[in-house]
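Notes follow once the structure below has been shown.
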Ligand SMILES: [Zn+2]
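Numbering (our numbering), first residue to last: 2 to 226.
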């Protein structure tokens with residue numbers, strides 16, 4: 002939809018250019034300022050840009066929240082719908098952190114769908130909605146948490162995943178959610194979604210008292226009590 006905004010801008014520019022180059026010989030009634038056309042193009046352009054604007058704002062908020070938790074500046078960007086298919090680097094992942102010779106970049110790219118869930122979560126800071134909406138919100142926040150662990154230097158998917166799920170509650174809090182909603186989100190991921198993850202992500206070591214337990218107060222098993 003971002004392309005539509007650019008197309009509207011280009012068309013508006015063309016109409017203005019045409020008006021500026023109007024002929025003095027012609028009837029002025031036929032060469033009036035194209036105000037209505039520009040207003041329509043502005044309305045279409047802004048409506049098309051709105052989802053991109055919301056996604057960018059959500060990514061920015063995620064960056065601030067994750068930076069607070071990590072104690073260093075990290076950032077996120079949201080991929081476009083089209084980018085899901087043309088951005089080969091992200092390999093259709095929900096989120097992606099590029100690694101350089103000096104370690105991970107302090108920047109993560111989030112897939113379009115991930116950002117959709119994040120945007121919806123930030124809109125009401127609640128998990129209400131149907132099952133699909135709830136799932137999208139939980140996954141959206143969790144992927145932000147997961148990519149933050151890669152940016153912190155964790156390469157292993159299973160370890161990053163376990164570290165992330167132990168930080169989902171504080172991340173949700175940093176995003177502005179209430180204590181109750183943050184707890185609900187952390188428990189939902191751990192109890193409903195983590196058991197469905199494949200062996201590359203889920204580990205039997207990720208449990209209370211297990212080798213990957215960091216004994217954080219926000220861990221889902223500590224919140225479950
Ligand atoms: Zn990962």
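From the three backbone atoms N, C-alpha and C, an ideal C-beta is built for every residue, glycine too.
All values derive from a computational prediction rather than experimental measurement.
Between residue 111 and residue 130, the gap from beta carbon to beta carbon reaches 8 Å or more. Residue pairing for residue 98: DSSP places it in a beta bridge opposite 109. For residue 143, the Cβ stays outside the 7 Å cut-off from all heavy atoms of ligand 1. Exposed is the label assigned to residue 100, since fewer than 16 other Cβ atoms lie within 10 Å of its Cβ.
Three or more Cβ pairs drawn from the segment 59-72 and the segment 116-129 lie within less than 8 Å of each other, which places the two stretches in contact. Residue 43 has its Cβ no nearer than 7 Å to any heavy atom of ligand 1. The distance from the Cβ of residue 219 to that of residue 167 is about 7 Å, consistent with a contact at the 8 Å cut-off.
With fewer than 16 other Cβ atoms inside 10 Å of its own Cβ, residue 21 counts as exposed.
Here the alpha carbons of residue 45 and residue 213 stand approximately 50 Å from one another. Annotation: the continuous alpha helix (DSSP H) that includes residue 163 extends over 158-166. Per DSSP, residue 9 is one residue of the alpha helix (DSSP H) stretching across 3-21. Fully enclosed alpha helix (DSSP H) runs of no fewer than 4 residues occupy 36-71 of the segment 16-76, in order along the chain. Taking a contact to require three or more Cβ pairs closer than 8 Å, the segment 42-58 and the segment 127-144 do not qualify as touching.
With the criterion CB distance below 6 Å from any heavy atom of ligand 1, the matching residues run 147, 151, 158 and 161 along the chain. In the structure shown, the three-state DSSP call for residue 154 is coil. Burial of residue 98 is indicated by the presence of at least 16 other C-beta atoms within 10 angstroms of its C-beta. When C-alpha distances from residue 139 are compared across 77, 54 and 187, the shortest belongs to 187.
In the three-state reduction of the DSSP assignment, residue 79 falls in the strand class. No Cβ-Cβ contact shorter than 8 Å links residue 169 with residue 151.
The beta carbon of residue 75 sits closer than 8 Å to the beta carbons of 64, 67, 68, 107, 108, 109, 149 and 152 from its chain, once the five residues preceding and following it are set aside; these are given in chain order. Residue 177 and residue 183 have their C-alpha atoms roughly 9 Å apart. Your pair residue 159 and residue 195 does not check out as a contact, with CB atoms roughly 11 Å apart and the cut at 8 Å. Residue 36 and residue 126 have their C-alpha atoms roughly 40 Å apart.
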